(Lines of atoms letter the chains of each structure in order from A; the text may use other names.)
(Lines give C-alpha, C1' and ligand atoms only; values in the text may rest on other atoms or scores of the structure.)
Protein backbone atom coordinates (compact mmCIF):
# COMPACT_ATOMS: atom_id res chain seq x y z
CA UNK A 1 0.00 0.00 0.00
CA UNK A 2 1.34 3.42 -0.94
CA UNK A 3 1.19 6.21 1.64
CA UNK A 4 0.89 9.87 0.67
CA UNK A 5 1.84 11.67 3.83
CA UNK A 6 -0.81 10.83 6.44
CA UNK A 7 -3.46 10.08 3.82
CA UNK A 8 -4.11 6.55 2.67
CA UNK A 9 -5.85 6.23 -0.74
CA UNK A 10 -8.41 3.79 0.72
CA UNK A 11 -9.44 6.35 3.35
CA UNK A 12 -9.93 8.95 0.62
CA UNK A 13 -12.20 6.50 -1.21
CA UNK A 14 -14.13 5.86 2.03
CA UNK A 15 -14.58 9.60 2.61
CA UNK A 16 -15.89 10.15 -0.92
CA UNK A 17 -18.20 7.14 -0.67
CA UNK A 18 -19.62 8.25 2.70
CA UNK A 19 -20.09 11.79 1.32
CA UNK A 20 -22.15 10.38 -1.57
CA UNK A 21 -24.28 8.33 0.80
CA UNK A 22 -24.88 11.39 3.00
CA UNK A 23 -25.81 13.44 -0.06
CA UNK A 24 -28.23 10.80 -1.35
CA UNK A 25 -29.74 10.42 2.10
CA UNK A 26 -30.16 14.21 2.38
CA UNK A 27 -31.87 14.35 -1.02
CA UNK A 28 -34.10 11.36 -0.22
CA UNK A 29 -35.17 12.76 3.16
CA UNK A 30 -35.74 16.20 1.63
CA UNK A 31 -38.02 14.78 -1.05
CA UNK A 32 -39.88 12.71 1.55
CA UNK A 33 -40.39 15.83 3.68
CA UNK A 34 -41.66 17.84 0.71
CA UNK A 35 -44.10 15.12 -0.32
CA UNK A 36 -45.31 14.68 3.27
CA UNK A 37 -45.88 18.43 3.70
CA UNK A 38 -47.75 18.65 0.39
CA UNK A 39 -50.03 15.71 1.18
CA UNK A 40 -50.65 16.87 4.75
CA UNK A 41 -51.54 20.38 3.60
CA UNK A 42 -53.78 19.14 0.80
CA UNK A 43 -55.67 16.63 2.97
CA UNK A 44 -56.50 19.20 5.59
CA UNK A 45 -55.57 19.61 9.22
CA UNK A 46 -57.71 19.55 12.32
CA UNK A 47 -58.35 23.10 13.44
CA UNK A 48 -56.42 24.03 16.55
CA UNK A 49 -55.42 27.64 17.00
CA UNK A 50 -52.40 26.58 19.01
CA UNK A 51 -51.03 24.74 15.96
CA UNK A 52 -52.27 27.32 13.47
CA UNK A 53 -50.00 29.91 15.13
CA UNK A 54 -47.29 27.60 16.50
CA UNK A 55 -46.12 26.29 13.13
CA UNK A 56 -45.64 29.78 11.64
CA UNK A 57 -43.49 30.68 14.64
CA UNK A 58 -41.43 27.56 13.99
CA UNK A 59 -40.92 28.73 10.39
CA UNK A 60 -39.99 32.19 11.69
CA UNK A 61 -37.36 30.79 14.06
CA UNK A 62 -35.77 28.66 11.34
CA UNK A 63 -35.82 31.61 8.94
CA UNK A 64 -34.21 33.86 11.56
CA UNK A 65 -31.51 31.24 12.05
CA UNK A 66 -30.86 31.33 8.31
CA UNK A 67 -30.44 35.12 8.41
CA UNK A 68 -27.54 35.14 10.88
CA UNK A 69 -24.83 35.87 8.33
CA UNK A 70 -26.53 38.80 6.60
CA UNK A 71 -25.50 42.44 6.85
CA UNK A 72 -27.64 45.02 8.68
CA UNK A 73 -28.92 46.46 5.40
CA UNK A 74 -29.97 43.01 4.21
CA UNK A 75 -31.64 42.34 7.57
CA UNK A 76 -33.67 45.57 7.33
CA UNK A 77 -34.65 44.66 3.79
CA UNK A 78 -35.73 41.15 4.77
CA UNK A 79 -37.68 42.59 7.74
CA UNK A 80 -39.67 44.73 5.31
CA UNK A 81 -40.23 41.68 3.12
CA UNK A 82 -41.47 39.76 6.15
CA UNK A 83 -44.08 42.42 6.93
CA UNK A 84 -45.07 42.50 3.25
CA UNK A 85 -45.44 38.69 3.36
CA UNK A 86 -47.68 38.89 6.44
CA UNK A 87 -50.00 41.37 4.70
CA UNK A 88 -50.26 39.28 1.53
CA UNK A 89 -50.55 36.04 3.54
CA UNK A 90 -53.45 37.42 5.57
CA UNK A 91 -55.33 38.01 2.33
CA UNK A 92 -54.49 34.52 1.06
CA UNK A 93 -55.54 32.98 4.37
CA UNK A 94 -59.07 34.22 3.85
CA UNK A 95 -59.44 31.69 1.03
CA UNK A 96 -58.98 28.79 3.44
CA UNK A 97 -61.63 26.09 3.17
CA UNK A 98 -63.18 24.55 6.26
CA UNK A 99 -64.55 21.01 6.35
CA UNK A 100 -66.53 19.09 8.90
CA UNK A 101 -65.12 15.56 9.31
CA UNK A 102 -66.08 13.16 12.08
CA UNK A 103 -67.51 15.97 14.18
CA UNK A 104 -64.31 18.06 14.00
CA UNK A 105 -63.49 21.09 11.92
CA UNK A 106 -60.62 20.71 9.48
CA UNK A 107 -59.07 23.38 7.31
CA UNK A 108 -57.34 23.21 3.95
CA UNK A 109 -54.95 25.87 2.81
CA UNK A 110 -53.00 26.22 -0.43
CA UNK A 111 -49.99 23.91 -0.74
CA UNK A 112 -47.62 26.31 -2.46
CA UNK A 113 -46.40 28.53 0.37
CA UNK A 114 -45.20 25.88 2.83
CA UNK A 115 -43.78 23.77 0.01
CA UNK A 116 -41.88 26.78 -1.35
CA UNK A 117 -40.46 27.64 2.08
CA UNK A 118 -39.44 24.03 2.74
CA UNK A 119 -37.79 23.80 -0.69
CA UNK A 120 -35.85 27.03 -0.11
CA UNK A 121 -34.79 25.93 3.36
CA UNK A 122 -33.58 22.55 2.14
CA UNK A 123 -31.78 24.16 -0.81
CA UNK A 124 -30.02 26.61 1.51
CA UNK A 125 -28.90 23.80 3.79
CA UNK A 126 -27.83 21.73 0.80
CA UNK A 127 -25.60 24.62 -0.31
CA UNK A 128 -24.20 25.08 3.19
CA UNK A 129 -23.47 21.40 3.71
CA UNK A 130 -22.40 20.14 0.29
CA UNK A 131 -21.30 23.08 -1.86
CA UNK A 132 -18.25 24.67 -0.34
CA UNK A 133 -18.02 27.73 -2.58
CA UNK A 134 -21.39 28.85 -3.85
CA UNK A 135 -21.79 32.47 -5.02
CA UNK A 136 -22.23 34.84 -2.08
CA UNK A 137 -25.11 36.64 -3.83
CA UNK A 138 -27.26 33.51 -3.35
CA UNK A 139 -27.35 33.91 0.43
CA UNK A 140 -29.31 37.20 0.56
CA UNK A 141 -31.54 36.08 -2.32
CA UNK A 142 -32.46 32.82 -0.60
CA UNK A 143 -32.88 34.62 2.73
CA UNK A 144 -35.22 37.16 1.12
CA UNK A 145 -37.35 34.47 -0.50
CA UNK A 146 -37.49 32.47 2.73
CA UNK A 147 -38.46 35.59 4.67
CA UNK A 148 -41.31 36.39 2.28
CA UNK A 149 -42.52 32.79 2.50
CA UNK A 150 -42.32 32.82 6.33
CA UNK A 151 -44.30 36.08 6.36
CA UNK A 152 -46.88 34.54 4.04
CA UNK A 153 -47.19 31.55 6.36
CA UNK A 154 -47.75 33.73 9.45
CA UNK A 155 -50.12 36.04 7.57
CA UNK A 156 -52.03 33.00 6.42
CA UNK A 157 -52.51 31.99 10.06
CA UNK A 158 -54.11 35.38 10.76
CA UNK A 159 -56.27 34.96 7.66
CA UNK A 160 -57.34 31.49 8.83
CA UNK A 161 -58.50 32.89 12.17
CA UNK A 162 -60.51 35.62 10.41
CA UNK A 163 -62.01 33.08 8.00
CA UNK A 164 -62.90 30.77 10.85
CA UNK A 165 -64.79 33.54 12.65
CA UNK A 166 -66.76 34.18 9.45
CA UNK A 167 -67.32 30.44 8.97
CA UNK A 168 -68.58 30.10 12.55
CA UNK A 169 -70.94 33.07 12.19
CA UNK A 170 -72.35 31.78 8.90
CA UNK A 171 -72.95 28.29 10.34
CA UNK A 172 -74.62 29.66 13.47
CA UNK A 173 -77.08 31.70 11.43
CA UNK A 174 -78.00 28.79 9.11
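Residue numbers (this note's numbering): 1 to 174. For each residue, glycine too, the CB sits at the ideal point set by N, CA and C. Every value quoted in this text rests on a predicted model; they were computed, and no experiment measured them.
With 16 or more other Cβ atoms inside 10 Å of its own Cβ, residue 121 counts as buried. Residue 94 and residue 86 have their C-alpha atoms spaced approximately 13 Å apart.
Taking C-beta atoms as the reference points, residue 149 and residue 56 fail to come closer than 7 Å.
Under DSSP, the beta-bridge partners assigned to residue 104 are 101. Using a Cβ distance threshold of 7 Å, residue 116 and residue 66 do not count as a contacting pair.
Each of 22, 106 and 34 was checked against the Cα of residue 46, and the nearest Cα belongs to 106. Taking a cut-off of 8 Å on C-beta distances, the stretch 68 to 79 touches the stretch 135 to 142, as three or more cross pairs fall below it. In the three-state reduction of the DSSP assignment, residue 43 falls in the helix class. In the structure shown, the three-state DSSP call for residue 135 is coil. The C-alpha of residue 163 is placed about 22 Å away from the C-alpha of residue 58. Judged by their CB atoms, residue 152 and residue 89 are nearer to each other than the 7 Å cut-off. Here residue 154 is buried: its Cβ has 16 or more other Cβ atoms, across all protein chains shown, within 10 Å. In its chain, beyond the 5 residues on either side, 46 have a beta carbon closer than 6 Å to the beta carbon of residue 104. Shown here, residue 67 sits in coil according to DSSP, grouped into three states, outside any helix or strand.
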